[in-house]
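Chains as they are written, first to last, in the numbering used here: chain A, 5 to 276; chain B, 8 to 224. We put the CB at the ideal spot given by N, CA and C, even for glycine.
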Ligand SMILES: Nc1ncnc2c1ncn2[C@@H]1O[C@H](COP(=O)(O)OP(=O)(O)OP(=O)(O)O)[C@@H](O)[C@H]1O
Ligand SMILES: [Mg+2]
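#1: Evaluate residue 265 of chain A with the Cβ neighbour count: other Cβ atoms within 10 Å of its Cβ, from every protein chain shown; 16 or more gives buried, anything less gives exposed.
#2: Indicate whether the contact test is met: 3 or more Cβ pairs, each with one atom in the stretch 110 to 124 of chain B and one in the stretch 151 to 168 of chain B, closer than 8 Å.
#3: Quick one: is the Cβ of residue 192 of chain A within less than 7 Å of any heavy atom of ligand 2?
#4: Does the beta-carbon distance from residue 210 of chain A to residue 59 of chain A come in below 8 Å?
#5: Just to check, is the beta-carbon of residue 29 of chain A closer than 7 Å to a non-hydrogen atom of ligand 2?
#6: Out of curiosity, what's the CA-to-CA distance linking residue 260 of chain A and residue 246 of chain A?
#7: If I follow the unbroken alpha helix (DSSP H) through residue 134 of chain B, where does it start and stop?
#8: Looking at ligand 1, does it come within less than 7 Å of residue 116 of chain A, judged from the CB to the closest heavy atom?
#9: Could you give the C-beta distance for residue 133 of chain A and residue 184 of chain A, rounded to a whole number, given that I count them as a contact under 8 Å?
#10: In whole angstroms, give me the CA-to-CA distance for residue 177 of chain B and residue 37 of chain B.
#11: Of all the beta strand (DSSP E) runs that stay within the bounds of the stretch 124 to 207 of chain A, which reach a length of 3 or more residues?
#12: Could you pull out every residue in the same chain whose Cβ sits closer than 6 Å to the Cβ of residue 74 of chain A, ignoring the five residues on either side in sequence?
#13: Anything in chain B within Cβ reach of residue 136 of chain A, meaning under 9 Å, just list it in chain order.
#14: Which residue's Cα is closest to the Cα of residue 216 of chain A: A/189, A/26, A/77, A/78?
#15: Looking at chain A, is there any beta carbon in it that lies within less than 8 Å of the beta carbon of residue 127 of chain B?
#16: How would you list, in chain order, the residues of chain B whose beta-carbon sits under 7 Å from the beta-carbon of residue 118 of chain A?
#17: Rank A/235, A/251, A/269, A/263 by C-alpha distance to the C-alpha of residue 45 of chain A and give the top, closest one.
#18: How many angstroms separate the CA atom of residue 11 of chain A from the CA atom of residue 139 of chain A?
#19: Work out the CA separation of residue 94 of chain B and residue 65 of chain B for me, nearest whole Å.
#20: Residue 115 of chain A and residue 197 of chain A - do their beta-carbons sit closer together than 8 Å?
#21: Considering only C-alpha positions, which residue in the set B/133, B/212, B/68 is nearest to residue 108 of chain A?
#22: Excluding the 5 residues preceding and the 5 following residue 216 of chain B in the sequence, name in chain order all residues of the same chain whose CB lies nearer than 7 Å to its CB.
#23: Would you say the beta carbon of residue 36 of chain A is closer than 7 Å to some non-hydrogen atom of ligand 1?
#24: With a cut-off of 8 Å, do at least 3 Cβ pairs link the stretch 97 to 108 of chain B to the stretch 63 to 79 of chain B?
#25: Within the same chain, show all residues whose beta-carbon is closer than 8 Å to that of residue 231 of chain A, passing over the 5 residues directly before and after it, in chain order.
#26: Do residue 126 of chain A and residue 99 of chain A have their C-beta atoms within less than 8 Å of each other?
#27: Of all the CB atoms in chain A, is at least one closer than 8 Å to the CB of residue 215 of chain B?
#28: Work out the CA separation of residue 207 of chain A and residue 227 of chain A for me, nearest whole Å.
#29: Give me the Cα-Cα distance between residue 131 of chain A and residue 159 of chain A, rounded to the nearest whole angstrom.
#30: How should residue 47 of chain A be labelled, buried or exposed, when 16 other C-beta atoms within 10 angstroms of its C-beta is the threshold for buried?
#31: Between the Cα of residue 2 of chain B and the Cα atoms of B/29, B/81, B/16, which residue gives the shortest distance?
#32: Please classify residue 17 of chain B: is it buried, with 16 or more other beta-carbons within 10 angstroms of its beta-carbon, or exposed?
#33: For a cutoff of 8 Å on Cβ pairs, would you count residue 63 of chain A as touching chain B?
#34: Run through DSSP, which three-state label would residue 34 of chain A get?
#35: Closer than 7 Å, Cβ to Cβ, to anything on chain A: give me those residues from the stretch 28 to 55 of chain B, in chain order.
#36: Between residue 186 of chain A and residue 52 of chain B, what straight-line distance do the alpha-carbon atoms span, to the nearest angstrom?
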């Protein structure tokens, strides 16, 4: 899998890049995802919104099996991640090696950046490409520098994460995920922990990525990002997808009361 | 100064005792560290049975004074027919004893890393081995370094107990000299100073290590 093919937008392909079907996730007795199905097309940017506790983070974490789930399956580019159906229709968990291999194709960026504090920016980015994918160091470093240039941090390659601002750390985290040449990128409220003046630089990097044809799921409270960048907006509440559609439609004329209320409360609070 | 002068040659004897102390401590600290690391990993990743066995082991060790354990093993070993030179017997006891405490220090270091670090490593497709090696251990070790150095210092001081089973080191040497010279204050003052210097040097080295590995924090 090379960078070109994973970034290419191929709208003619009938197979979705991500296919989640019937995901049920419980924490003890608390059913957090109640049979969520979501398909994301190649090159599509899906923005997920919804109230706190609706299961957005959990949904993203189920995609790459950071969170185990009790029912349902996930496939990325047609390849199962985590569970396969056996001949009797029973779900079988894949071997840890296969799960690790599947995770390479799924980039995720967390709210709290989660850079490795004992590694420099460059080491953070090249560690997995070198040790997991076996890419020769010079090639991996070149790619890392290209990615750093893309997120506007060329001069920070040798800095330790603690020396960077939140916005800079988050852009490194994006570069680190991209360095694995993932087929899909997941973003979980990646600007929520940032000072307001740093939000823009991170959103700009994400917007660029969407324009370059990356397949993305973005959980965010940044409605302007949803409006400007999303191909589709998904509204979650209570562990189900309540409504989804094109951003202009959903923001202008939501079909359900829940979405209407959510957007109204949101507009009152932020006056957008 | 007069009171110290006649004892000069005795101090040389003490120095040799101190050398023995250092030798014994360093010989014991290596297996103690390895066993401690093994116990820590087995307690985190092992099966339920393994985990309870280790918890039990640590619980028992923590409740037994080292002096009692040393004496017990001293009398037990000959009965079991194991022919172990006293030096190695003592090293074995020290290693097993301190491994329990070291495993707790290592385990705390590993467990105090935020879940987010594991998540980030996993999400990059790392195998468990790899993430332990390049993400978890380097950070856990620097968290565990201060308690680890403390335990090493404790271990050095604990070697003063082994004279009870007839092993010769700094404390035993001091007692011998006192019996000859009848100058307990001068001799034990010197012995105390030697213990202090060894431990202080180690503490300084620990501080240096900490500062060196704390880059990025
Ligand atoms: N590790 C966990 N253990 C138990 N319950 C959890 C855990 N993680 C999440 N939950 C519960 O799952 C539900 C959904 O949480 P989730 O974090 O997915 O919501 P969210 O939509 O991301 O919310 P937010 O907008 O606040 O980030 C919540 O009720 C939460 O309490
Ligand atoms: Mg969340």
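Short version:
#1: Numbered from 1 along the first chain, position 261 holds the residue referred to as residue 265 of chain A. Classification for residue 265 of chain A: exposed.
#2: yes
#3: Residue numbering aside, residue 192 of chain A sits at position 188 when the first chain is read from its first letter. True, at least one ligand heavy atom lies under 7 Å from that Cβ.
#4: Numbered from its first residue, the first chain carries residue 210 of chain A at position 206. Numbered from its first residue, the first chain carries residue 59 of chain A at position 55. Not a contact, by the Cβ cut-off of 8 Å.
#5: Taking the first chain and counting its residues from 1, the one referred to as residue 29 of chain A is at position 25. Checking the Cβ of residue 29 of chain A against ligand 2 gives no.
#6: Counted from its first residue, the first chain places residue 260 of chain A at position 256. Counted from its first residue, the first chain places residue 246 of chain A at position 242. So the two alpha carbons sit approximately 8 Å from each other.
#7: Counting from 1 along the second chain, the entry for residue 134 of chain B is found at position 127. Per DSSP, residue 134 of chain B lies in no alpha helix (DSSP H) segment and is marked neither H nor E.
#8: The residue labelled residue 116 of chain A in the question sits at position 112 within the first chain. Residue 116 of chain A Cβ: outside cutoff for every heavy atom of ligand 1.
#9: Taking the first chain and counting its residues from 1, the one referred to as residue 133 of chain A is at position 129. Taking the first chain and counting its residues from 1, the one referred to as residue 184 of chain A is at position 180. Between residue 133 of chain A and residue 184 of chain A a beta carbon distance of about 6 Å is seen, short of the 8 Å cut, so the two are scored as contacting.
#10: As a first step, residue 177 of chain B is located in the second chain; it is residue number 170 there, counting from the start. As a first step, residue 37 of chain B is located in the second chain; it is residue number 30 there, counting from the start. Cα to Cα, the separation comes out at about 21 Å.
#11: 188 to 192
#12: Against the first chain, residue 74 of chain A aligns to sequence position 70. 28, 30, listed in sequence order.
#13: The sequence position of residue 136 of chain A within the first chain is 132, counting from 1. Simply 131, 132, 133, 134, 137.
#14: Numbered from its first residue, the first chain carries residue 216 of chain A at position 212. Nearest to residue 216 of chain A by alpha-carbon distance, out of A/189, A/26, A/77, A/78, is A/189.
#15: In the second chain, residue 127 of chain B corresponds to position 120, counting from 1. Chain A contact via Cβ: present.
#16: Mapped onto the first chain, residue 118 of chain A falls at position 114. Those within 7 Å of residue 118 of chain A in chain B are 123, 124, 126, 127.
#17: For this step, residue 45 of chain A is matched to residue 41 along the first chain. Among A/235, A/251, A/269, A/263, the Cα nearest to that of residue 45 of chain A is on A/235.
#18: One-based indexing of the first chain puts residue 11 of chain A at position 7. One-based indexing of the first chain puts residue 139 of chain A at position 135. With a pLDDT of only 48 at residue 11 of chain A, under the threshold of 50, the placement of this residue in the model should not be trusted; the figure read from the coordinates follows. Using only the alpha carbons, I get a separation of about 19 Å.
#19: Counting from 1 along the second chain, the entry for residue 65 of chain B is found at position 58. Counting from 1 along the second chain, the entry for residue 94 of chain B is found at position 87. The straight-line gap from Cα to Cα measures roughly 24 Å.
#20: One-based indexing of the first chain puts residue 197 of chain A at position 193. One-based indexing of the first chain puts residue 115 of chain A at position 111. In this structure, residue 115 of chain A lies closer than 8 Å to residue 197 of chain A by Cβ.
#21: Position 104 of the first chain, counting from 1, holds the residue named residue 108 of chain A. If we check each option's Cα against that of residue 108 of chain A, B/133 comes out closest.
#22: For the purposes of this step, residue 216 of chain B is taken as the residue at position 209 of the second chain. Here the set comprises 152.
#23: For the purposes of this step, residue 36 of chain A is identified with residue 32 of the first chain, where counting begins at 1. Within the cutoff, so yes.
#24: yes
#25: Within the first chain, the letter at position 227 stands for residue 231 of chain A. Answer for residue 231 of chain A: 251, 252, 255, listed in chain order.
#26: Here residue 126 of chain A refers to the residue found at position 122 of the first chain. Here residue 99 of chain A refers to the residue found at position 95 of the first chain. In this structure, residue 99 of chain A does not lie closer than 8 Å to residue 126 of chain A by Cβ.
#27: Along the second chain, one-based indexing puts residue 215 of chain B at 208. With 8 Å as the cut-off, residue 215 of chain B does not count as an interface residue toward chain A.
#28: In the first chain, counting from the first residue as 1, residue 227 of chain A sits at position 223. In the first chain, counting from the first residue as 1, residue 207 of chain A sits at position 203. If you take the alpha carbons of residue 227 of chain A and residue 207 of chain A, they lie about 12 Å apart.
#29: Mapped onto the first chain, residue 131 of chain A falls at position 127. Mapped onto the first chain, residue 159 of chain A falls at position 155. The straight-line gap from Cα to Cα measures roughly 19 Å.
#30: Here the question's residue 47 of chain A lines up with position 43 in the first chain. Counting Cβ neighbours within 10 Å, residue 47 of chain A comes out buried, since at least 16 surround it.
#31: Within the shown structure, residues of chain B are numbered from 8 to 224, placing residue 2 of chain B beyond reach of any answer.
#32: Here residue 17 of chain B refers to the residue found at position 10 when the second chain is read from its first residue. Residue 17 of chain B should be labelled buried.
#33: Numbered from 1 along the first chain, position 59 holds the residue referred to as residue 63 of chain A. No, residue 63 of chain A lies away from the interface with chain B (no Cβ there is under 8 Å from its Cβ).
#34: Taking the first chain and counting its residues from 1, the one referred to as residue 34 of chain A is at position 30. Note: residue 34 of chain A maps to strand in three-state DSSP.
#35: Nothing from the stretch 28 to 55 of chain B brings a Cβ to less than 7 Å from some Cβ of chain A.
#36: Counting from 1 along the first chain, the entry for residue 186 of chain A is found at position 182. Counting from 1 along the second chain, the entry for residue 52 of chain B is found at position 45. Whole-angstrom Cα-Cα distance: 30 Å.
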